[in-house]
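Participant: Sharing a structure below in structure tokens format, with a few things to ask.
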Amino acid sequence: MSLCAGAAGLGLGCLLVILGTLLWHGVGGLSLGVFTKMTPPPGDSGGLLNAIAGSLIMTALGVAIGAPVGIFAGTYMAEYGRKSKLTAVVRFINDILLSAPSIVVGLFVYTIMVAPRVRVSIPIPQQLVSALGSKIEFTLGGHFSGLAGAVALAVIVIPIVVRTTEDMLLLVPQELREAAAALGTPRWLVIRRVSYRAARAGIITGVLLAVARISGETAPLLFTALNNQFWSVKLNAPIASLPAVIFQYALSPYDDWQRLAWVGALIITLAVLALSISARALSVQRKAQ
Amino acid sequence: MLRFRRGDAGFSLATRLAAALVLLILGGVLVSLTIGALPVFRALGLRFLYSSSWNPVTDKFGALPAIYGTVVSSLIAMLIAVPVGIGIAVFLTETCPARLRRPIGTAVELLAGIPSIIYGIWGLFVFAPLLQRTLQPALIWSTAKVPVLSSLFAGPPYGIGILTASLVLAIMVIPFVAAVSRDVVATVPPVMKEAAYSLGCTTWEVVNEVVLPYTRVGIIGGVMLGLGRALGETMAVTFVIGNAHRIKASLLAPGTTISATIANEFTEAVGSLYTSSLFALGLILFLITFIVLAIGRYMLMRLERRYGAS
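Protein chains in written order, with this note's numbering: chain A, 46 to 334; chain B, 1179 to 1488.
Here's what the structure looks like:
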């Protein structure tokens, strides 16, 4: 049995060693410049501003696309189609997608969004017409783009959110729904006003976990968003991201690039840990209620 | 009233479409990979699967080294991760003092959440040099006179290589196996354990004779899920495996995996056959992980059904 304790010690030890080395290598390079300057050419000083901005944009957009889809799908599985065949199949497939190799997602999004070219024109609603012009016109695809990166991240978000949403909605006591229905509330209002409210903390936890997962994802971005040495927040062009910059800089032979890679790794890890811990705190709060 | 009914129909349809989208994603992945992989299978046939030469300049592509590296590194990783992961799970559920249970459980889960690129950079700059100086020379020296092992640990200690990749993978998969196994072990009815304890069993006997047999299916399921993770893992492996399209008996030699090959070469691939062969590798990887994950899920579902019924 002491072997089991030893195993737990090994697990804890790994966490401590990894965090320790990250702090050791990362903190030294941490400065204001990291957050205000662009990624430098080798031998020059610089920061990670464009990579941080790119990561934030793609993560936000990825969640904005993926989370609603995931929540809706989870709602179907727990509310409308609780016993349907579709639910059983989706649950099985979703659990597999949850662990599917993320690099394959990159290949998939490359095929649908980077390889083909499409001309898109979206009219802007009357109320919003201003500096933006009357419509947005752009060509999609044919090249790497931030949007493709965001879609790839969304594909990873969906299974995580589906899983937690379904689990959390299934925990909502059936009596609550029945009480609401007895008052004559239509089904969709029961779901929105009762089920969602009861399961809110759990659903938010799922979304936070999904954010934590994609903020460190590298493989799906390599062939979708690619990378960008310069400041760019255009969704229709290659865009930098922290993981991609870490990948490029860590494998480079230049000392200052490697130092920046460590700083980037430290930033990502701290962000991911903060997200996971707050997600956990939220679910503890729910249990306490 | 009509407004309500329309709202209901619309909302219900939206949720149903979202659920169908999950299936569509899976279908899309399969179709896009298959279409991408077609040219290389048309040009090289099944030779692509068992050929071990990889030379983009002469349009020679063989998937065997990558498949070999993927399978071998994942299997070695599981060999280490399974006992340790189950050990952690048993420790957390059986012998851990109640006060430490939550903090240690949380720490293990946090370890599972660290992005793989962090393991990669850590493996490349910290772990690989450490192995190069300590474990690898020790292995070479101690196995030099043993017939089979000596070829397994032959050659210079590069630091990076299949063994290093396996160890990094093991560290990554341990928390995952531990988390799933803990949930599975927690499903053992307390009555069964208490009955065994009342017969005078030691903790070890309870774990070995009651807990593990009762949860066998679930733990195997969890292990399969961990294996699925390890097979598809990209970034951590890409940093430390060495990226050489060769099959060497020695575990210390650099090799490659399917995901590392795709990550390294996809954006640089010129020519349709080169790109297509990378898609074919992706398809192979997806099919392997799909089967492994499906088996794992199925086993966990069987456990859930039994647990739900009893």
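Every residue gets a Cβ at the ideal spot worked out from N, C-alpha and C, and that includes glycine.
What is the DSSP secondary structure of Lys130/A, reduced to helix, strand or coil?
Facilitator: In the structure shown, Lys130/A sits in a helix (DSSP, three-state: H, G or I).
Participant: Could you pull the DSSP bridge partners for Asn139/A from this structure?
Facilitator: DSSP lists no partner for Asn139/A.
Participant: For Lys1371/B, does the three-state DSSP call read helix, strand or coil?
Facilitator: Note: Lys1371/B maps to helix in three-state DSSP.
Participant: Do you know how far the Cα of Ser47/A is from the Cα of Val1200/B?
Facilitator: Distance between the alpha carbons of Val1200/B and Ser47/A is about 44 Å.
Participant: Bridge partners for Gly1450/B per DSSP, in chain order?
Facilitator: Residue 1450/B is actually Ser in this sequence, not Gly. Ser1450/B is not bridged to any residue.
Participant: Does the Cβ-Cβ distance between Ala195/A and Leu106/A come in under 8 Å?
Facilitator: The answer is yes: Cβ separation under 8 Å.
Participant: Does DSSP put Arg162/A in a helix, in a strand, or in coil?
Facilitator: Strand, per DSSP.
Participant: Are the segment 1408-1418 of chain B and the segment 136-147 of chain A in contact at 8 Å, needing three or more beta carbon pairs?
Facilitator: With the cut-off at 8 Å, the segment 1408-1418 of chain B and the segment 136-147 of chain A touch.
Participant: So which residues on chain B does Ser144/A lean against when the C-beta distance must stay under 7 Å?
Facilitator: Within chain B, the residues near Ser144/A are Leu1403, Gly1406, Arg1407 and Leu1471.
Participant: On the criterion of 16 or more Cβ atoms from any shown chain inside 10 Å, does Val256/A qualify as buried, or is it exposed?
Facilitator: It is buried - the Cβ of Val256/A has at least 16 other Cβ atoms within 10 Å.
Participant: Grab the span of the alpha helix (DSSP H) containing Tyr294/A for me, first residue to last.
Facilitator: First-last of the alpha helix (DSSP H) with Tyr294/A: Leu287 to Ala295.
Participant: Compute the Euclidean distance between the alpha carbons of Val1326/B and Ser1344/B, then round it to the nearest angstrom.
Facilitator: Cα-Cα distance, rounded: 20 Å.
Participant: Please classify Thr1312/B as buried or exposed, where buried requires at least 16 other C-beta atoms within 10 Å of its C-beta.
Facilitator: Exposed is the call here.
Participant: With 8 Å set as the bound, which would you pick, yes or no: does the beta-carbon of Asp300/A sit closer than that to a beta-carbon of chain B?
Facilitator: No, Asp300/A does not count as interfacial toward chain B.
Participant: Inspect the beta-carbon positions of Leu75/A and Thr1445/B and report whether they are closer than 8 Å.
Facilitator: No, the pair does not count as a contact, with Cβ atoms beyond the cut-off.
Participant: Does DSSP put Phe275/A in a helix, a strand or coil?
Facilitator: Looking at Phe275/A - three-state DSSP - the assignment turns out to be coil, as it is neither helix nor strand.
Participant: Tell me the rounded alpha-carbon separation between Gly1185/B and Ala1192/B.
Facilitator: Straight-line Cα distance between these residues: approximately 10 Å.
Participant: Using the rule of at least 16 other Cβ atoms within 10 Å of the residue's Cβ for burial, across every protein chain shown, is Ser1488/B buried or exposed?
Facilitator: Caution is warranted here: a pLDDT of 45 is assigned to Ser1488/B, below 50, making its placement in the model unreliable, and the coordinate value is therefore given only provisionally. Per the 10 Å Cβ criterion, exposed.
Participant: In the DSSP output, what is Ala281/A paired with across the bridge?
Facilitator: The amino acid at residue 281/A is misidentified as Ala; the sequence shows Asn. Its beta-bridge partners do not exist; DSSP assigns none.
Participant: Mind checking whether Ser1454/B and Val1218/B have CB atoms under 8 Å apart?
Facilitator: Yes. Within cutoff.
Participant: With a cut-off of 8 Å on the beta carbons, I'd call Gly1474/B and Gly1399/B a contact; round off their distance for me.
Facilitator: Their Cβ separation, rounded to whole angstroms, is 5 Å, which keeps Gly1474/B and Gly1399/B in contact under 8 Å.
Participant: Using the Cα positions of Pro1307/B and Trp1300/B, report the straight-line distance between them to the nearest angstrom.
Facilitator: Rounded to the nearest angstrom, the two C-alpha atoms are 10 Å apart.
Participant: Using a threshold of 7 Å, is the CB atom of Arg1480/B nearer than that to any non-hydrogen atom of the ligand NAP?
Facilitator: Of ligands this structure carries none, so the ligand NAP is not represented either.
Participant: Please name the residue or residues paired with Gly1433/B in a DSSP beta bridge.
Facilitator: DSSP lists Gly1420/B as partners of Gly1433/B.
Participant: Could one say the Cβ of Ala1192/B lies closer than 8 Å to chain A's Cβ atoms, at least one of them?
Facilitator: Yes - at least one Cβ of chain A is within 8 Å of the one on Ala1192/B.
Participant: Below 8 Å, how does it come out for the segment 247-264 of chain A and the segment 159-171 of chain A: are there three or more Cβ pairs, yes or no?
Facilitator: Short answer: they don't touch.
Participant: Taking 8 Å as the cut-off, does the segment 228-237 of chain A touch the segment 131-143 of chain A (at least 3 CB pairs, one atom from each stretch)?
Facilitator: Contact between the segment 131-143 of chain A and the segment 228-237 of chain A is absent, because fewer than three Cβ pairs lie under 8 Å.
Participant: Which term fits Met1370/B, buried or exposed, when burial requires 16 or more other beta carbons within 10 angstroms of its beta carbon?
Facilitator: The residue in question, Met1370/B, is exposed, as its Cβ has fewer than 16 Cβ neighbours within 10 Å.
Participant: At which residues does the alpha helix (DSSP H) containing Val1389/B begin and terminate?
Facilitator: Taken as a continuous stretch (DSSP letters only), Val1389/B belongs to no alpha helix (DSSP H), as it is neither H nor E.
Participant: Looking only at DSSP bridge pairs, what is Asn1233/B linked to?
Facilitator: Lys1238/B.
Participant: Based on Cα-Cα distance, which residue from Gly111/A, Gly51/A, Cys59/A and Val317/A lies nearest to Leu1270/B?
Facilitator: The residue with the shortest Cα to Cα distance from Leu1270/B is Gly51/A.
Participant: For Ile167/A, name the three-state secondary structure that DSSP assigns.
Facilitator: Here Ile167/A sits in strand by DSSP.
Participant: Would you say Asp1361/B reaches chain A, if we count a Cβ-Cβ gap shorter than 8 Å as a contact?
Facilitator: So no, Asp1361/B is outside the interface.
Participant: Does the Cβ of Val1470/B have 16 or more other Cβ atoms within 10 Å, making it buried, or fewer, making it exposed?
Facilitator: It counts as buried.
Participant: Assuming Cys1379/B and Glu1372/B form a contact by the criterion Cβ under 8 Å, report the distance between their Cβ atoms to the nearest whole angstrom.
Facilitator: 10 Å between Cβ atoms; not a contact.
Participant: Measuring straight from C-alpha to C-alpha, what distance separates Val1207/B and Gly1240/B?
Facilitator: Approximately 22 Å, taken between the alpha carbons.
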